Every structure is written in C-alpha cells, then in structure tokens.
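Inspection log for the structure reproduced underneath, given as structure tokens.
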Ligand SMILES: NC(=O)c1ccc[n+]([C@@H]2O[C@H](COP(=O)([O-])OP(=O)(O)OC[C@H]3O[C@@H](n4cnc5c(N)ncnc54)[C@H](OP(=O)(O)O)[C@@H]3O)[C@@H](O)[C@H]2O)c1
C-alpha cells in the first residue's frame, strides 16, 4: 500500500529550524533534507546565480580567489541550509532539474520530473544542500554546483526556455523584477534616469523603458564609465539617449551632471547599482512628485526615508519587489526583443564550459 507523505505549510515554515516563529526568509537555519513533503518540489541544482550585492561582498572578503569563494559558499549553505549572505542579507536563485514533485502538486502544475527549471524565489528562503561547488565564474556570478533544493508550494519557478542559454536565463531571471516593474511604471513622454545602467538589471530596465517610451521622452543612463562595452551598446542601440559618467555615491556631483542632461529632472528614477550610499543621489535626480524605484539590494530604508525628508522632496519611493506578475516572461521577452542585448548577455553570462570550471 502506498503511504501518503504529509503536506507542509505552503510558505515552508515546517522547514524552519531556528529561530522559532521565523519564516524561511528571515530564519537563521532551514532543514535542507532532500525529501519533498507532499506539497514541495525537489530539484537537482546545477548552478547558482548569487545576486550582485552578495557576490561582490563575497568576492571582496575572499580576495577574488575562486577556491575561497567556493569554500565560503559551501560553509554558508552547510551552516544555514540556504545561501543567505549574512552581511548583505541577499541571496540569488538557482537553475536545475526537477527530481520529484510532491503528490499534492502533481496534477495542478505544468511541470514534469526531468524538466529544466529556474527558481524565481530568493535563495535566502530556499532549502539548499550542496555536495560540491564545481566552478565559480567571477565575471558573471555563476556558481556551478552539485546539490539539491526544495521549492515550497508558494514558490515561483519557471521552466527554462529552450531558445535561451541556461546561464543567460539565470542572469535575466535573477533581475526579472526590474524590467517587469518598469513595464508598469514607465509611460510615454517621461524622463527616466537609470542609475547603474550598464549592469544586468540596468540594461534590461533601459530596454524596457525605451519600449514603453518609444521615441518620446528621454532616457538618461548613469554609469561609472561611459566607455564601457554595455554603455556603448545601450547608446548605439538607442536604449539610452544621454549617458552620464558619474559615481552615484557622490550625491551632489551626480545631481549636477544629471540636471545638466535633464534640467526637468526625472519622472522615474531606477536605481540598479550594487554598492551602498546611492539613495540620496537617486532622490535628488527625481522631480517633485516623481518616483524612485530602488531595485538595488544595497538600498537603506533609513537613508532613503530620512534623505527625502531632509531634501523636502515628496517623491514616491518603491522597494524593488523581486516578484511582479509575469515578471519572468516579461524579462525574457525584453531580451528576445533586443538582439544586441541578447548577444551581449550570451557573451558574458552563458554557463561556463567544463574546461573553465574549478580544477
Ligand atoms: N530587488 C530585487 O528583487 C533584486 C533582485 C536581484 C538583484 N537585485 C539587486 O540589484 C542590484 C543590481 O543587480 P545587477 O545584477 O543588475 O548588478 P550588476 O550587473 O553587477 O550591475 C550593477 C551596476 O552598478 C554599477 N555601479 C557600481 N557602482 C556604481 C557607482 N558608484 N555609481 C554608478 N554605478 C555604479 C556597476 O557599474 P560597473 O560594472 O561599471 O562598475 C554596474 O553596472 C544589486 O544590488 C542586486 O543585489 C535586486
């Protein structure tokens, strides 16, 4: 006789080991046992994409040594049952293959055992067990691994598209909330300022803003170097109208440069940087009653709230929700709609070939 497995809580609280009462995201430790409850999905994990804030912090503390980075990640996951960076508080996501679908979920979802899948919920709340880190791609933040992960009933996931390299999909889906939110926030005739325009989320945000604005309005990109490959690509493709070379942490200098490029200031500021200390500059770049969308994980609520108060600016400030309806489809379609952007992502984010892995 077949014995039915128990269902866990749809938000995964049954996997919280410590502290009592925590949810998986704010828990210190999760149960990573690779046996799914009746309403969970067990996946074999092939690669992690650490979010940019977390990966930059780990790179710095491991002096860019790939072996040390691998050890750091293994130690975190062993200790916490998830890849949750204690310094930045952020995670990332994974790609892998479905090994087992709990019996309560089997009939209700369009997913089969063996399907290639990307998680669309943060690694900070995903039970993860790693047997090995096989490779670290410093430039992309991809980490090839062997391990397992559990997706709760409430988790979002996406089948990997057949027409896009899994590493590229991983990079795009990690920041899918950015282009999908811009789709809702940007409107024709707006002035849009994208800070950190030459990163993954920044490039997709510029592309989506251009699609929404058409030939109207103005898109100002801010990046540390206007001569960088992505900055030149954005300008050449008309995805940015004016590029401003600035350090977004230098508040007044950023404000002066952006006001020279767009004296009317921005209806919409999108912050996509991976460093601290850019809240005040972002707020100053917005016009009164404008909107500042803080996608960056390096954003401080305190700095943003008190900064806006100090400037006497009535801006609407939005936290970059990683989830937006249809965000995966919107982000992948943004790439398909922009072949030059797709070629750039293929060049920089395709998964490493075996020869490039850790020996
Ligand atoms: N809200 C969410 O759900 C969510 C999800 C995923 C990631 N994130 C966060 O979003 C942020 C961006 O992620 P990403 O993957 O797009 O990162 P990314 O590809 O590393 O891009 C970051 C960009 O910021 C630029 N930058 C760095 N320092 C700067 C400075 N001082 N002034 C101006 N620009 C600067 C970088 O320029 P250079 O490369 O030229 O230095 C780079 O283009 C990170 O904080 C990440 O953790 C949020």
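Numbering (our numbering), first residue to last: 4 to 362.
The beta carbon of each residue, even a glycine, is placed where N, CA and C say it ideally should be.
Note that this is a predicted model, so its numbers are computed, not measured.
Given this structure, state the Cα-to-Cα distance separating residue i from residue j, to the nearest angstrom.
i: residue 254; j: residue 247; result: 14 Å
i: residue 106; j: residue 8; result: 8 Å
i: residue 216; j: residue 265; result: 16 Å
i: residue 59; j: residue 93; result: 11 Å
i: residue 19; j: residue 78; result: 19 Å
i: residue 55; j: residue 301; result: 10 Å
i: residue 149; j: residue 172; result: 19 Å
i: residue 281; j: residue 252; result: 5 Å
i: residue 87; j: residue 227; result: 28 Å
i: residue 235; j: residue 121; result: 30 Å
i: residue 44; j: residue 119; result: 13 Å
i: residue 69; j: residue 76; result: 11 Å
i: residue 284; j: residue 257; result: 6 Å
i: residue 156; j: residue 12; result: 8 Å
i: residue 153; j: residue 63; result: 29 Å
i: residue 396; j: residue 268; result: Past the boundaries of the shown model lies residue 396; the chain is included only from 4 to 362, so the question cannot be answered.
i: residue 127; j: residue 238; result: 35 Å
i: residue 167; j: residue 348; result: 10 Å
i: residue 359; j: residue 67; result: Here the model assigns residue 359 a pLDDT of 45, short of 50, so the residue's position is not dependable, and the following value carries that caveat. One C-alpha to the other measures close to 16 Å.
Whose C-alpha, out of the options, is nearest the C-alpha of residue i?
i: residue 72; options: 102, 319 and 51; result: 51
i: residue 326; options: 185, 285, 280 and 258; result: 185
i: residue 61; options: 140, 350 and 291; result: 140
i: residue 160; options: 132, 210 and 100; result: 100
i: residue 218; options: 197, 191 and 207; result: 191
i: residue 207; options: 332, 21 and 53; result: 332
i: residue 307; options: 85, 145, 324 and 279; result: 279
i: residue 178; options: 202, 194 and 164; result: 202
i: residue 272; options: 291, 295, 263 and 84; result: 295
i: residue 241; options: 297, 166, 82 and 220; result: 220
i: residue 189; options: 293, 38, 22 and 134; result: 293
Around the Cβ of residue i, are there at least 16 other Cβ atoms within 10 angstroms (buried) or fewer (exposed)?
i: residue 357; result: The predicted model places residue 357 with a pLDDT of 43, which falls under 50 and marks its position as unreliable; any figure quoted below should be read in that light. Exposed.
i: residue 339; result: exposed
i: residue 225; result: buried
i: residue 304; result: exposed
i: residue 353; result: buried
i: residue 125; result: buried
i: residue 275; result: buried
i: residue 198; result: buried
i: residue 164; result: buried
i: residue 322; result: exposed
List the endpoints of the continuous alpha helix (DSSP H) containing residue i.
i: residue 58; result: 55 to 64
i: residue 75; result: 69 to 83
i: residue 333; result: 330 to 339
i: residue 125; result: Neither: residue 125 is in no alpha helix (DSSP H) and is coded neither H nor E.
i: residue 111; result: Note, residue 111: premise wrong, no alpha helix (DSSP H); not H, not E.
i: residue 350; result: 342 to 352
i: residue 298; result: Segment: none, residue 298 is in no alpha helix (DSSP H) and carries neither H nor E.
i: residue 286; result: 282 to 288
i: residue 204; result: 203 to 216
Since residue i is in the beta strand (DSSP E), which residue starts that stretch and which ends it?
i: residue 101; result: 95 to 104
i: residue 176; result: Unbroken run through residue 176 is the alpha helix (DSSP H), 169 to 177; no beta strand (DSSP E).
i: residue 274; result: 269 to 274
i: residue 320; result: 319 to 322
i: residue 152; result: 145 to 154
Nearest chain C C-beta to residue i closer than 8 Å, yes or no?
i: residue 59; result: Protein chain content of the structure displayed is limited to a single chain, and chain C is not contained in it.
Quiz prompt | alpha helix (DSSP H) segments (min. 4 residues) lying fully within the stretch 10 to 43 | solution = none
Practice problem: Give, in chain order, every unbroken run of the alpha helix (DSSP H) that is at least 4 residues long and sits entirely within the stretch 223 to 280. | Solution: 232 to 239 and 254 to 264
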